Structure formats: C-alpha cells, structure tokens
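Numbering (the numbering used here), first residue to last: 38 to 722.
Built from N, CA and C at the ideal position, the CB exists for glycine as well.
The structure displayed is predicted, hence computed values, not measured ones.
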Ligand code: ADP
Ligand code: MG
C-alpha cells in the first residue's frame, strides 16, 4: 500500500485501531504526522574493522566469526544464548536473553555483522544483545531514538517513520530566500529526511535547526500578523484622562501603590489614550498586587461610560474577585454583578438584562461571560485574570465579535522574556516584578519523605498555637484524572483527622461542586477550619492572608512555576510564613530544581532557572497559550534562530502587513497549515 500524506494513521502498516488511539494522544493522526514525531536522541555506532578496537562502554558495528555457541536455561522463563565471537585480532563474548530463535540463525564458523553496545563481564568484553545483520545489508551507524508511549517499541517507530519518509519529498515550507540562505543549505524536505535518518550526528542537529527556523518563522509571522491587525484598527473607544472614579479608588486603598503597580497603570493609561485598541499582557509575580491594577482599569472604562468585564478561569476565583471588588464598587457606587454558571437561571436572567440594558457597569465572572449569548450594551474593556489558557484563539474570537473592546490579560506565571516573545508575541507586555512593602519572603525548606512524621507534628503544633496551614496533595499520574486525585486527597485528609483530631480541617479538590468548593474556601478564610487539605485547585489566585504554613507533598512531581504559585498562597499577610517541600527527587536535576525554590523568591528568576534546567516545553505548555506547539525549536538553545525568524517576519509584514500580494500566497497557505484552518483564516481574513 502506498501512503498518502493524509492516510489515516490506522491504515499505516503495523498500526491498527488500538495503536491509532495511542498515537492520537501524540497528535499523530495521519501518515505525514510521523514526519513531525521528532527523535529524542540518537545512538551512534562506530564501525570498526577489528575486534581489538572494541572497548567497554562504546557502541559498535563490527564483523566477526562465531567460534562457539551455547543455549542455556538457567531458570524457567529465561533462556540465555551465549557466543564467543572473534576475528584475527581478538575475541569478544556476546549474550542474548530470551531470543532462542537466534540459535537457528547463527551458525558456528559463520561470519556476521553485529551492532550493539559493549560492556565488561568479568575479564571479558561482552556485546549485550547485539543485533545481527542480514547478509550484506550494512547497518546505519546512527540510529534515532523516538519518544514513545504505551509500550510502542523503537522497532515500530523506525518502521513507521521509514514508511512516512517518502512523503517528505515534495514538501516545501517557502521560507523567504534570505532566511533560507542562512539556514545551512538544507531544503525543508532534506531536513525532514535528515532528522529521521541522519548519516552523521552533526547532520541531525543541522536538520533540526533548519526545521526550527521554519517553525519559529511561521509562529512569528502569525503573531505579527495578529499584532498588525490590532494595531491597524482604529480605536472606537474614546477616553478622557483619569477622572473621578479612578482617583477616588486610589484614595480609598489602605496602602500606597508600588512603583511597579504605578508603572503598569501608566502603560495601560497610554494604551487607553492611544488611537489603537489595547492588547496588553500584565505579567506579575505571585502576590505583586495585580488585582488593584485590574480594578483600576475597570474603573477607567466605567468612568468613560463603558461597561467592563473581568473573567477568571474558575468559579471560585470569580467569586473571590467578587467578594474583594464588591466592597470597592459599593463604596464607589459602581453597579457591578457576578455571573457564574452555578447561579440559578432566574438570577442569570436578571444579570443578562442588566448587562444588555446597561444597568450594570461591571461584570465579574468566568469565560461564560463571553459566550451563552451574553450581550453588553457598551462593552469597552475585557480583563482576564490568572489566565493561562486565554490564547491567541480566544483573543481572536473576541475581536471577531466586531466590538473590539480593549483587552488586558493578567498572568501570574512569570515567564522569561524570550518565551514571552513566542507565547505572547502579539501582546504588549507590562511586568510587575516588585512586591508590596513589608512582604516577608516565604521561608522554604526541602525535606525527604522519611522526615514526614516530624514535619506533620511541627505543623500541628504551630496550628494549635494559632496559625493556619495548607497541605497540598501530590499530583496523581498523568491521565488518571480527577477521580483518582479526589480519592488521594481524601486519604490525606483522613490522615490529618486521625493524627490531629482536635484541629478542625477541610478538604478542597476538583471533584467537589462549586458550592462545596466555595464553602471549603470560606470556612478556611474565616478560620473555622485551620488546615486545608487541597489539590492544585488552590494553585491560582486564592487569597487567605492569615494562612502562614504549607506542606507540599510529592514536590518533585510539580513544575517549578507551579510550586512557586502554590507557595504564593502563603506569605500574603504580615506574619512570617514557612513552606516545606516534601519529596525524594531521584536525579541531580530534580534535586537542583527543589534547591532553586529554597533560595529564590522571585518568580521571574525561578522561571529562568527552570528554563535552564529543564528546557521550555513543560514550562511553556505552548499549546495552552493557543500557539502551535514547538516541535523542533528549543528556546534555550535557539535564541539566535528566534531572533532571525522574528526579524524576517517583521521585514515581510512591514512591507505587506496583510500578506495580500500574490507572491505571498505560499506563506498564507503555510500559515493556515500551521495555525489550523479556523485560526489561520481569521488571521488572514
Ligand atoms: P496577585 O498579583 O497575586 O493577584 P493580589 O492582587 O491578590 O496579588 O494582592 C496580594 C495582596 O497584596 C492582597 O492582599 C492585596 O490587598 C495586597 N496589596 C496589593 N497591592 C499592595 C500594595 N501596594 N501595598 C500593600 N499591599 C498590597
Ligand atoms: Mg490575583
């Protein structure tokens, strides 16, 4: 069967329906997708001409004669085929486990080609499980190793990628000529071939760079196009300089604003007064005081006669915003309302009407605010808070509503600038990297799990003395889902109740209803419960300033940014706080990562460290940001490529901001492929 690029993966030989489902999870749906399954590393084998050249720890391809062959069964279920191989220069042992059929293939005195790793066994060098070459066919000396899942063997990956490689032949990526010229002389098709079947190690890296350049270029082109769209549209909203409401708000705050807050507000103000819509990302470290800035922005819209909406990622957070902001809004006589899924239909209907008829000036809620036929009379500003998932896609959806409100996106996940360029290349960036005065660092310790009993005793004692504590349960294995997580959380809660029956405690996890979650949060906030056992549900935004203690279980399983977020739940008041990370990291890198948290409080620097230690993939979770996933590019190593790609994309857009010239047709088509149909078309509308 010859494969077409779009042949469903199920029909690729050796796949079938069951493996097709596994592959789907790796985003491999069609035959051509195998081309974009990038080898994780390569194994290089050194072809040698004589056995005397073999050494311990190397990987070799060598020709040898079988001198001796013996099949043993040391115990049931284990067969051991042992051989002595040799040539004129020396001898080496070889061993195969549970491959009795090789006994038939190999003949004493026959000469074969072998490929494998050489180790030491007593006084002998031993080739462990070497592959045996078929006749004259030589082995390639470099072998890709693919990331896998569900027990799919490397043999299968090799077979599938081999089958897909002919599809690469016709592929082009239409890089602009200057960029192509700087890309090391490989065409796109050659690079795809070479990344899967390099002839030498350097060739694989060269191919990767060529593909990364293409990837980064189209990403920057798409983001740049979007940015141009926003920039080129004229503002329909008209703002006067700061008025009564915003000024009054500053006065009623019980503290003075930090410089970082002032600076962010000045940047937002400039956007509001500019001739183009605002499209801004406010990045602030955990606890840097974003809520105040966002509230001020909402009031700026209201005092200019517009409605404003603020969206949180979860209902608990929306509710918490409501509780905090309602007090301000009441004082300022600004009519505001809460809109979340959990409300009664009758309540919702009233809210809908108030928004449509303009009686409500501010709406606080979840994403639902933008959907479900919610209509505003004069929506001027949309704010999203703590939003990791509000990507290009959603931003576009919003703009395509035709209303073109200003957009302010707040994120509490500090990311290094190089990543921000990629993930949010279409947004202007404001950074708040300063904490309000008087904030104390959270003392952070890392302890192995064998000290757990002591740590819990310490925690119970401190709680009995009046403090409040979070206990964060370990992450469950990926894919096990909410149910398992909830069950695990129950177990931790039981432990706490058993060990400290005198301390009132509560439980918070994702399987609870929103009412139950809010009840658990409120009981803890009011101090009715003094320990809150929780999953990562508490990760973002929760603000209980009286909580001063935290234990994070299974700390090595969390991402650094996530640990920093979790830890940010304490240290929010005036009292000193302590966070204990309990974990038994196995590798040096994993240890180093926990160490980073114990010495570093600044989220931006933690993000840099994380990037350095682990690479960008996990931290960025690019797909969550609504940008296409990066397969080839490595943002740590490829900063220079990123820079080049960005310059090239800019140059093209400077000349032709909508890519409308006929010779841009290939670029347009490629963008649609990269960003997917809907988004691609919207970009190129
Ligand atoms: P985040 O940026 O993590 O969303 P919040 O907006 O929740 O942070 O603010 C954290 C805490 O800091 C809140 O209790 C808030 O009232 C307080 N806060 C904000 N700005 C200041 C300031 N300038 N001075 C003192 N406290 C502040
Ligand atoms: Mg916040």
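Check whether the Cβ atoms of residue 471 and residue 297 lie closer than 9 Å to each other.
-> Reading the chain shown from its first residue, position 434 is the one you call residue 471. Reading the chain shown from its first residue, position 260 is the one you call residue 297. Taking 9 Å as the Cβ cut-off, residue 471 and residue 297 qualify as a contacting pair.
Just the C-alpha distance for residue 709 and residue 263, rounded to the nearest angstrom, thanks.
-> Translated into the one-based positions of the chain shown, residue 709 becomes position 672. Translated into the one-based positions of the chain shown, residue 263 becomes position 226. One C-alpha to the other measures close to 13 Å.
Going by other Cβ atoms of all chains shown within 10 Å of its Cβ, with 16 needed for buried, is residue 207 buried or exposed?
-> Walking along the chain shown from the start, residue 207 turns up at place 170. By the neighbour-count rule (16 or more Cβ atoms within 10 Å), residue 207 is not buried but exposed.
Length at least 4, wholly inside the stretch 206 to 279: the alpha helix (DSSP H) runs in chain order = 214 to 218, 225 to 233 and 238 to 269
For residue 210, does the count of other Cβ atoms within 10 angstroms reach 16, so buried, or fall short, so exposed?
-> Your numbering for residue 210 matches position 173 in the chain shown. Residue 210 is buried by the Cβ-count criterion.
Between which two residues does the alpha helix (DSSP H) harbouring residue 623 extend?
-> Locating residue 623 in the chain shown gives position 586, where the first residue counts as 1. Run containing residue 623: none; DSSP gives neither H nor E here.
Run of the alpha helix (DSSP H) containing residue 302, from where it starts to where it stops = By one-based count along the chain shown, residue 302 stands at place 265. 296 to 310 is the extent of the alpha helix (DSSP H) around residue 302.
Compute every distance between the C-beta of residue 422 and the non-hydrogen atoms of the ligand MG, then say whether any falls below 8 Å.
-> Residue mapping note: residue 422 aligns to position 385 of the chain shown, counting from 1. Within the cutoff, so yes.
If you measure from the CB of residue 475, is any heavy atom of the ligand ADP nearer than 8 Å?
-> Position 438 of the chain shown, counted from the start, is the residue given in the question as residue 475. Answer for residue 475: yes, Cβ within range of the ligand ADP.
In chain order, what residues of the same chain have a beta carbon less than 6 Å from the beta carbon of residue 585, not counting five sequence neighbours either side?
-> What you label residue 585 is simply residue 548 of the chain shown in a count that begins at 1. The residues are 504, 607, 612 and 614.
Neighbourhood of residue 416 by C-beta, 8 Å cutoff - its chain only, sequence neighbours within 5 removed | Counting from 1 along the chain shown, the entry for residue 416 is found at position 379. Same-chain partners within the cutoff: 343, 344, 345, 346, 440 and 442.
Nearest-angstrom Cα separation, counted from residue 391 out to residue 351 | Counting from one through the chain shown, the residue named residue 351 turns up at place 314. Counting from one through the chain shown, the residue named residue 391 turns up at place 354. Going by the C-alpha atoms only, they are around 23 Å apart.
Identity of the residue in 199, 355 and 168 nearest residue 181 by Cα | Counted from its first residue, the chain shown places residue 181 at position 144. Considering only alpha carbons, the answer is 199.
Specify, as a first and last residue, the run of the beta strand (DSSP E) that residue 465 falls within.
-> Within the chain shown, numbered from 1, the residue matching residue 465 stands at position 428. Unbroken beta strand (DSSP E) run through residue 465: 465 to 469.
Mark residue 516 as exposed unless 16 or more other C-beta atoms lie within 10 angstroms of its C-beta, in which case mark it buried.
-> As a working mapping, residue 516 is identified with position 479 in the chain shown. Unreliable placement is indicated for residue 516, whose pLDDT of 49 sits below 50; no coordinate value is reported for it.
Comparing alpha-carbon positions, which option in 546, 556, 595 and 101 lies nearest residue 357?
-> Along the chain shown, one-based indexing puts residue 357 at 320. When only C-alpha atoms are compared, the closest one is 556.
Is the closest heavy atom of the ligand MG to the C-beta of residue 243 under 8 Å?
-> On the chain shown, residue 243 is found 206 positions in, with the first residue counted as 1. False, no ligand heavy atom lies under 8 Å from that Cβ.
Hey, quick one: how far does the alpha helix (DSSP H) through residue 498 stretch, first residue to last?
-> Mapped onto the chain shown, residue 498 falls at position 461. Start and end: 489 to 501.
Between residue 655 and residue 252, what straight-line distance do the alpha-carbon atoms span, to the nearest angstrom?
-> As a working note, residue 655 is residue 618 in the chain shown. As a working note, residue 252 is residue 215 in the chain shown. Low local confidence applies: a pLDDT of 47 at residue 655 is under 50, so the model's placement there is unreliable, with the coordinate-based value given in what follows. Looking at the two C-alpha atoms, the distance is approximately 18 Å.
Could you check the C-alpha separation between residue 622 and residue 536 for me, to the nearest Å?
-> Here residue 622 refers to the residue found at position 585 when the chain shown is read from its first residue. Here residue 536 refers to the residue found at position 499 when the chain shown is read from its first residue. One C-alpha to the other measures close to 26 Å.
C-beta neighbour in chain D for residue 567, strict 9 Å | You won't find chain D in this structure, because it holds only one protein chain.
Ordered along the chain, which non-local residues of its own chain (more than five positions away) have a Cβ less than 6 Å from that of residue 706?
-> For the purposes of this step, residue 706 is identified with residue 669 of the chain shown, where counting begins at 1. Counting only Cβ-Cβ distances below 6 Å, and skipping sequence neighbours, we find nothing.
Can you tell me the Cα-Cα spacing of residue 723 and residue 413, whole angstroms?
-> A query on residue 723 cannot be resolved here, the shown segment of the chain reaching from 38 to 722 and no further.
Can you tell me whether DSSP reads residue 558 as helix, strand or coil?
-> Residue mapping note: residue 558 aligns to position 521 of the chain shown, counting from 1. DSSP places residue 558 in helix when its eight states are reduced to three.
Opening and closing residue of the alpha helix (DSSP H) in which residue 702 lies = Here the question's residue 702 lines up with position 665 in the chain shown. It spans 702 to 712 - the alpha helix (DSSP H) in which residue 702 sits, taken as one unbroken run.
Just the Cα atoms here: how many angstroms apart are residue 630 and residue 476?
-> Against the chain shown, residue 630 aligns to sequence position 593. Against the chain shown, residue 476 aligns to sequence position 439. When rounded, the distance between both Cα atoms is 24 Å.
Endpoints, alpha helix (DSSP H) assigned at residue 61 = Indexing the chain shown from 1 puts residue 61 at position 24. Taken as a continuous stretch (DSSP letters only), the alpha helix (DSSP H) holding residue 61 covers 53 to 62.
In angstroms, rounded to a whole number, what distance separates the CA positions of residue 635 and residue 95?
-> For this step, residue 635 is matched to residue 598 along the chain shown. For this step, residue 95 is matched to residue 58 along the chain shown. One C-alpha to the other measures close to 39 Å.
By Cβ distance below 6 Å, which residues in the same chain neighbour residue 582 in space, the five residues on each side in sequence not counted?
-> Position 545 of the chain shown holds residue 582. Result list for residue 582: 609 and 610, in chain order.
Near the ligand ADP: residue 298 beta-carbon under 8 Å from a heavy atom | To locate residue 298, count along the chain shown from 1; it is residue 261. Because some heavy atom of the ligand ADP lies under 8 Å away, the Cβ of residue 298 counts as near it: yes.
Can you have a look at residue 422 and say buried or exposed, based on whether 16 or more other CB atoms are within 10 angstroms of its CB?
-> Taking the chain shown and counting its residues from 1, the one referred to as residue 422 is at position 385. So residue 422 counts as buried.
Can you have a look at residue 604 and say buried or exposed, based on whether 16 or more other CB atoms are within 10 angstroms of its CB?
-> Stepping through the chain shown from its first residue, residue 604 is reached at position 567. Classification of residue 604: buried, given that the 10 Å Cβ count is 16 or more.
Run the proximity test for residue 447: is its beta-carbon closer than 8 Å to any non-hydrogen atom belonging to the ligand MG?
-> Counting from one through the chain shown, the residue named residue 447 turns up at place 410. Checking the Cβ of residue 447 against the ligand MG gives yes.
Own chain residues within Cβ distance below 7 Å of residue 42, not counting five before or after | On the chain shown, position 5 is the one that residue 42 refers to. Answer for residue 42: 67, 68, 69 and 204, listed in chain order.
Consider the C-beta atom of residue 294 and the heavy atoms of the ligand SAH; say whether any pair is separated by less than 8 Å.
-> Here the bound small molecules are the ligand ADP and the ligand MG; the ligand SAH is not part of this structure.
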